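These notes concern the structure reproduced below.
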Amino acid sequence: MVDTDLARERILDAAEDLFYAQGIQAVGMDVIRDAAGVTLRRLYQLFPSKGDLLGAYLARRDTRWLHSVTTHVDASARTPQERVLAVFDWLEDWFTQPDYHGCAFVNSFGELGGTSPQVVAAARHHKDAFHAYLQELTTAAGAAADVGAQIALLAEGAMTTAAISGTPAPARQAKKAARLLLTLETGHPTGV
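Have a look at this one:
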């Protein structure tokens, strides 16, 4: 069982690196096999199709990504308003990573959304969970859930703009707009 778990993790690590950097359609199972250091037979035993591997990659990325955001917010912010704005600090850190290529779910949807209901479902699930988290933070800060939806749009726009522009500045700009929205909605200035 340990060998199976290790092989599965190596395959998923390779798939994540390759799919995120190069795109799903550009990466064949043989490339993933080589990068993971497993036989093609072992790869197909664990993931009978590229669609199965894609589903596992997106599910794992969703869990890890959301955990990383929430962990950062929990560790770095004290007040409810700071918690909302801490999301943008996390985004800025992410945008500065040398391997940042935008949102994996938007990228996957752009590549396969027209032909893969599985990708559509994974992207919707991820975005729904992230937006619900932002709405939860925003309502805890005293603003309406609708403001949470607006802040989610700021975060989504920052992700796309940062990927295209190659700069983390959109996170700071979106944070400034989110701060303004919170201040207008709650009447309390957020000084972070």
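Note that full-length UniProt numbering numbers the sequence shown so that position 61 is 61, with each residue one more than the last. All C-beta atoms in this analysis are idealised placements derived from N, C-alpha and C, irrespective of residue type, glycine included. Given the structure is predicted, the values throughout are model-derived calculations rather than measurements.
| Just how far apart, CA to CA, sit A122 and L180? | 32 Å
| said: Counting C-beta neighbours from all protein chains within 10 Å, is the total for T138 16 or more, i.e. buried, or is it exposed? | reply: buried
| said: If I measure Cβ to Cβ from R61 and keep anything under 7 Å in the same chain, skipping five residues before and after, which residues do I get? | reply: E16 and A104
| field | Between the CA atoms of P117 and V192 - distance to the nearest angstrom | value | In this prediction, V192 has a pLDDT of 45, which is less than 50 and means its spatial position is unreliable; what the coordinates show is noted afterwards. Rounded to the nearest angstrom, the two C-alpha atoms are 41 Å apart.
| said: Spatial neighbours of G142 within its chain, please: C-beta separation below 6 Å, excluding the five flanking residues on both sides. | reply: T186
| query | Over what stretch of residues does the alpha helix (DSSP H) that includes H126 continue unbroken? | reply | P117 to A140
| query | Roughly how many angstroms separate the alpha carbons of R124 and A35, rounded to a whole number? | reply | 29 Å
| request: Compute the Euclidean distance between the alpha carbons of D52 and V27, then round it to the nearest angstrom. | output: 14 Å
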